[in-house]
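Line by line, the protein sequences are chains L and F. Counting from 1, position 127 in the first sequence corresponds to residue 127 in full-length UniProt numbering; the numbering is continuous, with no gaps. Counting from 1, position 231 in the second sequence corresponds to residue 231 in full-length UniProt numbering; the numbering is continuous, with no gaps. Note sheet for the following structure.
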Amino acid sequence: MYVVRKFRGKLSADAARSKNIYFLFTANKIKRENFTMILFYVFVVLALVSGAMVIRAKNPVHSVLFLILVFCNTSGLLVLLGLDFFAMIFLVVYVGAIAVLFLFVVMMLHIRIEEIHENVLRYLPVGGIIGLIFLLEIFLMVDNDYIPILPTKLSATYLTYTVYAGKIHSWTNLETLGNLLYTTYFFLFLVSSLILLVALIGAIVLTMHKTTKVKRQDVFIQNAIDFQNTIKKVR
Amino acid sequence: MISNTSLKDNFLSFFFSIGFSKNFLNFLWIVFSILLLMLGVTIGVLVLVWLERKISAAIQQRIGPEYAGPLGIIQALADGIKLFFKEDIIPTQGDAWLFNIGPVLVLIPVFLSYLVIPFESNIILANFSIGVFFWIAVSSVVPLGLLMAGYGSNNKYSFLGGLRAAAQSISYEIPLALSVLSIALLSNSLSTIDIVEAQSKYGFLSWNLWRQPIGFLIFFIASLAECERLPFDLPEAEEELVAGYQTEYSGMKFAFFYLASYLNLLVSSLFVTILFLGGWHFSIPFFFSFKYFEWDLLNNAVNYVINTIIGIVITLIKSYLFLFISIMTRWTLPRIRIDQLLNLGWKFLLPIALGNLLLTTSFQLFLL
Chain L
1 MYVVRKFRGK
11 LSADAARSKN
21 IYFLFTANKI
31 KRENFTMILF
41 YVFVVLALVS
51 GAMVIRAKNP
61 VHSVLFLILV
71 FCNTSGLLVL
81 LGLDFFAMIF
91 LVVYVGAIAV
101 LFLFVVMMLH
111 IRIEEIHENV
121 LRYLPVGGII
131 GLIFLLEIFL
141 MVDNDYIPIL
151 PTKLSATYLT
161 YTVYAGKIHS
171 WTNLETLGNL
181 LYTTYFFLFL
191 VSSLILLVAL
201 IGAIVLTMHK
211 TTKVKRQDVF
221 IQNAIDFQNT
231 IKKVR
Chain F
1 MISNTSLKDN
11 FLSFFFSIGF
21 SKNFLNFLWI
31 VFSILLLMLG
41 VTIGVLVLVW
51 LERKISAAIQ
61 QRIGPEYAGP
71 LGIIQALADG
81 IKLFFKEDII
91 PTQGDAWLFN
101 IGPVLVLIPV
111 FLSYLVIPFE
121 SNIILANFSI
131 GVFFWIAVSS
141 VVPLGLLMAG
151 YGSNNKYSFL
161 GGLRAAAQSI
171 SYEIPLALSV
181 LSIALLSNSL
191 STIDIVEAQS
201 KYGFLSWNLW
211 RQPIGFLIFF
221 IASLAECERL
231 PFDLPEAEEE
241 LVAGYQTEYS
251 GMKFAFFYLA
261 SYLNLLVSSL
271 FVTILFLGGW
281 HFSIPFFFSF
291 KYFEWDLLNN
301 AVNYVINTII
311 GIVITLIKSY
321 LFLFISIMTR
331 WTLPRIRIDQ
341 LLNLGWKFLL
351 PIALGNLLLT
361 TSFQLFLL
């Protein structure tokens, strides 16, 4: 949509062109915000529906796949927030590693497809109360100022403020993260790496088997087998 | 008299003068560029299939395709048309949704990774600030497609093949990402254009290939494993598992797997040119005056177009080098077993990639 405005008096060509560009820019900005709003709602609805389907799916493999959909939609929401690096990290870590390992386990274990027709109301009282408390807490915490992508003040006179210093040399997500994570918050970084180390050692201890009784292949011993030493004429 | 308009402005103003609206033109520009790239990439895959069959025939001392078109050029197209017309069979007891979505999840991330490949300094679809990392993130979705394809086929061999393929894919993602990270350290940016521009000063002497030789070997091995080419061919082990996770597929879905494999190879070789071989720069050092023809100072557009075409041709020639090495490797080396494969990925490449990263960071600290 275009904003048409009549100019009174004579304007030079440059001023006219710059005013046109300004109006096109605001019109395009409103169009872009509409598009962002549509995308936001699409991602949110898909994420919530997928989350509900995680617990409703009969086949556990379908559950994990819906969980993957939740991660992908969350990654899209992160892109809308302007955190492109974190969106990609979500894809790499959550979808590419965690969900794949979940899928390995779920596919290889003999998990029978459960019947959910009975027993579905068994957990409703306590589960419902906990769910309602959770929702109440969420609504208390969430304010429109915390989530800037909610289009609550969308109108033709929507004023945004521009950080002009950011337009000259803006840091990428990765630079910002690096500047904070390894300097001010280095302790958290080291502690989280220690937690991962503990998990790693735990996994190795659980799956380690005794190395003396296990048959292994050793290519060098196999290549060094000599006919004289292996075959013996008995009679 | 230097004109300030770019190719995009000229294109858009031409269509605007016919009578389209500006928003539709922006949309049209995006769709046009994407379609052009997809067309180019598909033709590239046809050329790649022909190349592979001819080179493999030469290695095995036979001729290869020669009846379909001159020198067998149309053979790949004929194979594609044949696959298009085959019947689409879905196993009855298998999971129909997973069976159908599997090939799609394998093909689309590979097409998405063409977004960040620059063929020239302005010829890139999306110049993200996280360029190369986008490729790594999006190619992490491929193991999911393999698992879905294997599981939904209701076939023990397919299931085993799918599990092996997914294990191979996730094992070799980490050394791949670490070698790319070392390159990003050297170039101070993850954007592909910045990585190529950082290799532009001294011609081929400033290639990242010399600055990261270990990284190049790791990237080469890891990308061959990600594309499931021999010697990492086990998911598709033609003698052992029938065709691995692709067993139950016919027609267009099989064509998707086939296409995804060659597209992945093409995108890997393009990334090798970008990350290690200097991209679109004409790499004879100090001979840079040759590249920028000054045909006509008044006509900047012809200058621009010819330089762009030279850049694209140089990128394709450099990626052909890696393609040739990949195809030679496929028909020279034997296949490795699954336990040897996983050993190689976790116990050999991962420590070496970490050591490479450590070495790179030490040199960066030391030399600055």
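All residues carry an ideal CB built from backbone N, CA and C; glycine is no exception. Just so it is clear, the structure is predicted and the values come from calculations on it, not from any experiment.
Any beta carbon of chain F sitting closer than 8 Å to that of residue i?
| i | result |
| --- | --- |
| L/Gly-96 | yes |
| L/Leu-154 | In this prediction, L/Leu-154 scores a pLDDT of 48, lower than 50, which makes its location untrustworthy; the coordinate-derived value is nonetheless stated afterwards. No - not a single Cβ of chain F is within 8 Å of the one on L/Leu-154. |
| L/Leu-200 | no |
| L/Ile-221 | no |
| L/Thr-172 | yes |
| L/Phe-104 | yes |
| L/Val-54 | no |
| L/Ile-68 | yes |
| L/Val-49 | no |
| L/Met-208 | no |
| L/Val-61 | yes |
| L/Met-37 | no |
| L/Met-107 | yes |
Report yes or no: is there a C-beta of chain L within less than 8 Å of the C-beta of residue i?
| i | result |
| --- | --- |
| F/Leu-147 | yes |
| F/Pro-143 | yes |
| F/Tyr-67 | no |
| F/Phe-128 | yes |
| F/Leu-28 | no |
| F/Leu-354 | no |
| F/Tyr-157 | no |
| F/Ile-59 | no |
| F/Ala-137 | yes |
| F/Tyr-151 | yes |
| F/Leu-163 | yes |
| F/Phe-348 | no |
| F/Phe-133 | yes |
| F/Ser-171 | no |
| F/Ser-362 | no |
| F/Ser-56 | no |
| F/Ala-166 | yes |
| F/Ser-140 | yes |
Between residue i and residue j, what straight-line distance do the alpha-carbon atoms span, to the nearest angstrom?
| i | j | result |
| --- | --- | --- |
| L/Thr-190 | L/Leu-67 | In the sequence as presented, Thr is not what sits at residue 190 of chain L; that position holds Leu. Their Cα atoms are separated by approximately 29 Å. |
| F/Ser-268 | L/Val-234 | 60 Å |
| F/Gln-199 | F/Phe-128 | 19 Å |
| L/Phe-104 | F/Tyr-157 | 16 Å |
| L/Ser-155 | L/Met-37 | Unreliable positioning characterises L/Ser-155 in this predicted model, as indicated by a pLDDT of 45, which lies under 50. The coordinate reading is nonetheless provided below. Going from the Cα of L/Ser-155 to the Cα of L/Met-37 covers about 13 Å. |
| residue 394 of chain F | F/Ile-312 | Because chain F is modelled from 1 through 368, residue 394 of chain F falls outside the range shown and cannot be assessed. |
| F/Phe-16 | L/Ser-170 | 33 Å |
| F/Leu-203 | F/Val-196 | The sequence shown places Gly at residue 203 of chain F, rather than the Leu named in the question. Spanning the two alpha carbons is a distance of roughly 11 Å. |
| L/Gly-128 | L/Gly-178 | 42 Å |
| L/Phe-40 | L/Glu-33 | 10 Å |
| F/Pro-118 | F/Ile-193 | 7 Å |
| L/Lys-153 | L/Phe-35 | Because L/Lys-153 sits at a pLDDT of 49, beneath the cut-off of 50, its placement in the model cannot be relied upon, and the following sentence gives the value as read from the coordinates. When rounded, the distance between both Cα atoms is 15 Å. |
| F/Leu-365 | F/Phe-282 | 30 Å |
| F/Leu-46 | F/Leu-259 | 9 Å |
| F/Leu-160 | F/Leu-205 | 46 Å |
| F/Ile-18 | F/Phe-84 | 38 Å |
Considering Cα atoms alone, identify which of the options is closest to residue i.
| i | options | result |
| --- | --- | --- |
| F/Ser-326 | F/Phe-85, F/Asn-154 and F/Asn-264 | F/Asn-264 |
| F/Arg-53 | F/Gly-72, F/Phe-11, F/Leu-181 and F/Thr-42 | F/Gly-72 |
| F/Leu-344 | F/Thr-315, F/Leu-323, F/Gly-244 and F/Ile-170 | F/Ile-170 |
| F/Ile-310 | F/Ile-123, F/Trp-97 and F/Ile-30 | F/Ile-123 |
| L/Ile-89 | F/Trp-135, F/His-281 and F/Ala-68 | F/Trp-135 |
| F/Ala-58 | F/Gly-355, F/Trp-331 and F/Thr-361 | F/Trp-331 |
| L/Val-61 | L/Thr-184, L/Phe-102 and L/Asp-218 | L/Phe-102 |
| F/Leu-275 | F/Pro-213, F/Val-302, F/Asn-303 and F/Phe-232 | F/Pro-213 |
| F/Thr-361 | F/Asn-154, F/Ala-96 and F/Ala-184 | F/Ala-184 |
| F/Leu-314 | F/Arg-164, F/Thr-273, F/Leu-163 and F/Thr-329 | Sequence inspection shows Ile at residue 314 of chain F; the Leu mentioned does not correspond to that position. Of the candidates F/Arg-164, F/Thr-273, F/Leu-163 and F/Thr-329, the one whose C-alpha sits nearest the C-alpha of F/Ile-314 is F/Thr-273. |
Three-pair Cβ contact test at 8 Å for the region 101-118 of chain F versus the region 73-82 of chain F: no
Using 8 Å as the Cβ pair cut-off and three pairs as the minimum, do the region 168-181 of chain F and the region 218-230 of chain F touch? yes
Residues of the region 67-96 of chain F in Cβ contact with chain L at a cutoff of 8 Å, in chain order, please. Asp-95
Could you run through the region 72-99 of chain L and flag, in chain order, every residue whose CB is less than 9 Å away from some CB of chain F? Cys-72, Ser-75, Asp-84, Phe-85, Ala-87, Met-88, Ile-89, Phe-90, Leu-91, Val-92, Val-93, Val-95, Gly-96, Ala-97 and Ala-99
Using Cβ-Cβ distances below 7 Å, what residues of the region 174-206 of chain F are close to chain L? Leu-190
Okay, do the region 77-89 of chain L and the region 48-67 of chain L touch, 3+ Cβ pairs below 8 Å being the bar? no
Is the region 244-264 of chain F in contact with the region 203-214 of chain F, if contact means three or more CB pairs nearer than 8 Å? no
Meets three-Cβ-pair contact criterion under 8 Å: the region 346-355 of chain F and the region 147-156 of chain F: no
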